[in-house]
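K.L.:
In this note's numbering, the protein residues as written are -10 to 207.
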C-alpha cells in the first residue's frame, strides 16, 4: 500500500494545504526505482508561493515513531520512504537510535505544505501497522518542533491560557518549556496528538512565530 493510499487522509491533506495537495498531480508510483535522495525544494530558503500567501521558510521537525515500525516506514529497498519524499517534496531521514530505545526519530525538512503531506504519510503507515491499539482509534505520535525563545510566552499565554486552549481545541498534549536559557536560540515544543490535532497545533504555533518575527523586524 502506497504512502498516500488512504482517501480520507488525502482529503485532509488537501484541506490542510489549501488544495495544494501534490501540486495538482496524482501521487506517483511508489514502487522501486525511486530517486534515493531527498527532494530539495527550489528557490533557496524561501518559497515565493507558499500556502496562505507570502513567502515561507524551510522548516525542520521530528516525529517519534515506534522503533519496531521503522521497517514499515522505510519499506523494501527504501521504497516507502522514497515514495514519501517524492510525493511530498520533503526531505525525510530516519535517524539512528540507541539500541535499547523504544522510539526512533524521523526528521522532516521542507516547506509547511510539504511537511503536512509527509507527516500524513507517516501517520498513515503507523496506523496501518496497528499501533493505535484498537482498529477504531487513531494513532497518536509525538512531534517536536523548534521555535525562537521569544515566542514561548505567546504560545503559553497569560497564566497558561493559550496553551490550554491549544490542547483543548485540538485534543493534544502540548509541552512548552516554562524557562528558557538566555543563550538558547531555539527551544523545542513537543506535541502529542493524532494527525489532524498535531497539524492544528503546528499551524497555530507557526502563525504565532510569524507574528513574533514580524514584530522583531519593525
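Beta carbons are placed, not taken as given, at the ideal position from N, Cα and C, and that holds for glycine.
Taking the C-alpha atoms as reference points, what is the distance between residue 92 and residue 85?
P.N.:
In the chain shown, counting from the first residue as 1, residue 92 sits at position 103. In the chain shown, counting from the first residue as 1, residue 85 sits at position 96. Their backbone Cα atoms lie some 10 angstroms apart in a straight line.
K.L.:
If you count every other CB in all the chains shown that lies within 10 Å of the CB of residue 116, and 16 or more means buried, which is it?
P.N.:
On the chain shown, residue 116 is found 127 positions in, with the first residue counted as 1. Flag for residue 116 reads buried.
K.L.:
Can you tell me whether residue 114 is buried or exposed? The criterion is at least 16 other CB atoms within 10 Å of its CB, across all chains shown.
P.N.:
In the chain shown, counting from the first residue as 1, residue 114 sits at position 125. Residue 114 comes out buried.
K.L.:
Using only the alpha-carbon positions, how far apart do residue 49 and residue 164 sit?
P.N.:
Here residue 49 corresponds to residue number 60 of the chain shown, with the count starting at 1. Here residue 164 corresponds to residue number 175 of the chain shown, with the count starting at 1. Going from the Cα of residue 49 to the Cα of residue 164 covers about 18 angstroms.
K.L.:
Suppose contacts are defined by Cβ-Cβ distances below 8 angstroms. Is residue 135 in contact with residue 175 by that definition?
P.N.:
Start at 1 with the first residue of the chain shown, and residue 135 comes out as number 146. Start at 1 with the first residue of the chain shown, and residue 175 comes out as number 186. Between residue 135 and residue 175, the CB-CB gap stays under 8 angstroms.
K.L.:
To the nearest whole angstrom, what separates the beta carbons of residue 195 and residue 101, a pair I think is in contact under 8 angstroms?
P.N.:
Residue 195 sits at position 206 when you count from the first residue of the chain shown. Residue 101 sits at position 112 when you count from the first residue of the chain shown. Rounded, the Cβ-Cβ distance is 6 angstroms, consistent with contact.
K.L.:
Classify residue 154 as buried or exposed, calling it buried when 16 or more other Cβ atoms lie within 10 Å of its own Cβ.
P.N.:
On the chain shown, position 165 is the one that residue 154 refers to. By the 10 Å Cβ count, residue 154 comes out exposed.
K.L.:
What residue range does the alpha helix (DSSP H) around residue 70 cover?
P.N.:
What you label residue 70 is simply residue 81 of the chain shown in a count that begins at 1. Residues 68 to 77.
K.L.:
With the cut-off set at 8 angstroms, would you say residue 79 and residue 104 are in Cβ contact?
P.N.:
Here the question's residue 79 lines up with position 90 in the chain shown. Here the question's residue 104 lines up with position 115 in the chain shown. Yes, the pair counts as a contact, with Cβ atoms nearer than the cut-off.
K.L.:
Got a sec, what are the start and stop residues for the alpha helix (DSSP H) residue 127 sits in?
P.N.:
Start at 1 with the first residue of the chain shown, and residue 127 comes out as number 138. Unbroken run through residue 127: none, as it is neither H nor E.
K.L.:
Among 108, 148, 182, 88, which residue has its Cα nearest to the Cα of residue 81?
P.N.:
As a working mapping, residue 81 is identified with position 92 in the chain shown. The option with the nearest alpha carbon to residue 81 is 108.
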